[in-house]
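Okay, so the sequence shown: first residue is 1 according to UniProt numbering, each after it adds one. Down below is the structure, laid out as structure tokens.
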Amino acid sequence: MKKDELFDLVSECATLEIFVAKAAKLVQNPIWIMDDAYQLVTCSKVPDAYVYLSFLQDTKLKRSFVNRLIERGLLNENGIQKPLRIFDTEYQRDVYVIDIFAKKKSIGKLTVAVENEISEEDVKLLADASSIYLRHQLTNHGSKREQAFTLLLQKDEESQSLGLQLLRETGYLVKGTYMLAYVDTTIANRITVLRSFLSEIQKSDVNLLGGIMNEQCYLLLASTRHIDLKQYPNIHVGYSMQFEKLHHLDGYARQAEYAASKAKGKEANFQNLIDSYLHSQLEKQLPLDTLVDLKIQKLIAYDRKYETKYYETLCMYVKSQYSKQKTAEGLYIHLNTVKYRLQQIEKLFDINFEKDEKLIRLAMLVHHV
């Protein structure tokens, strides 16, 4: 790679994400960049760097990764000044590692997985060019509150505790009912769009915590009020359930991500998708039909054969807390029809509504009505 090629690349790339994507294609090797807290800043997709990044999703693997760097003496205060080529046992491949510097201080690390040969000089050029973007990014997006928010979103209690401590040091005193929002967009230059959104929305509320971690955008809302998306036509949002303490944010983050993935319009609430989520999680573990009690299986089969609506009535009856009147209202049918159906369910299938409630609710997760 010639310096002229690199100069042209920097000139035409507006963000670090675009630069890394194009640079990886140019050198035909996966590239990823982490900040000084070992959070992923960005990585190439073609060639795919994600296959080397499984350790980011697991605290133990992440610690193992850091320990390997320590064992090789790669975490000294001077940083890695020139590209270091090592064989990494986790990846089973040679990788180049080099620190990215700003004013002689390390602000991140660039790693290149050597799938195709690349020179040390080229790796050094990539690190120097990445510094241009990363310095700007950290200046604008590396506040102490964002660092605290990043730590709160980690799975381990140690990181969460440190995050709370950092947050208190910033003077963040907001209390109340929180929600976590996952924000995304389907348009090109995704990260640029999300950063712009964060910048705009945080200007409207100085206490709004937000950040982009591992290329995912999150917001902590200190109220139950949703984001007004009228002025953000390309944005969609998923909301977690409400909570009062800043613990287990990683779980609320997964709720918000799931809600966003199911958002048919601009937004979706996890609270309205709990059954769907539990259904999807159960489905990963074992065949769903094995969870349905035999009596209820027979009832569902009977409905299909004779076009009755006993199962629908049973589910509504349980949801209505055994109120026949509310069941009738919920199904828009006469009260006597409800009474007849419930009698038939007891008579034909030997179902005891209260004793079998857990079995019925489990069936409702598998077979939605």
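Beta carbons: idealized from backbone N, C-alpha and C, even for Gly.
The alpha-carbon of isoleucine 132 is positioned some 31 Å away from that of tyrosine 172. Rounded to the nearest whole angstrom, the CA to CA distance from histidine 236 to glycine 210 is 15 Å. Excluding five sequence positions before and after tyrosine 302, the CB atoms of its chain that fall closer than 8 Å to its own CB belong to Thr308, Tyr310, Leu348 and Phe349, given in chain order. Between the alpha carbons of glutamine 147 and arginine 135 lies a gap of roughly 16 Å. The closest CA to that of tyrosine 96, considering only Pro83, Met364 and Leu365, is found on Pro83. In the DSSP assignment, glutamate 354 falls outside any beta strand (DSSP E) and carries neither an H nor an E. As DSSP reads the structure, glutamate 267 sits in a beta bridge with Val237. If you check the CB distance, isoleucine 86 and alanine 127 do not come in under 7 Å. Counting along the chain, the unbroken beta strand (DSSP E) around glutamine 216 starts and ends at 216 to 221.
The C-beta distance from lysine 295 to isoleucine 351 rounds to 6 Å, short enough to meet the 8 Å contact threshold. Taking a C-beta distance under 7 Å as the contact criterion, glycine 238 and tyrosine 182 qualify as a contact pair.
When Cβ pairs closer than 8 Å are counted between the two stretches, the stretch 271 to 285 is seen not to touch the stretch 213 to 229, the count staying below three. In its chain, beyond the 5 residues on either side, Leu26 have a beta carbon closer than 8 Å to the beta carbon of glutamate 5. Among the bridge pairs identified by DSSP, threonine 89 is matched with none.
If you draw a straight line from the Cα of valine 292 to the Cα of glutamine 231, it is about 46 Å long. Note on geometry: alpha-carbon atoms of leucine 249 and glutamate 357 lie some 32 Å from one another. Under a 10 Å Cβ-count criterion, leucine 152 is classified as buried, with 16 or more other Cβ atoms of the shown protein chains found around its own Cβ.
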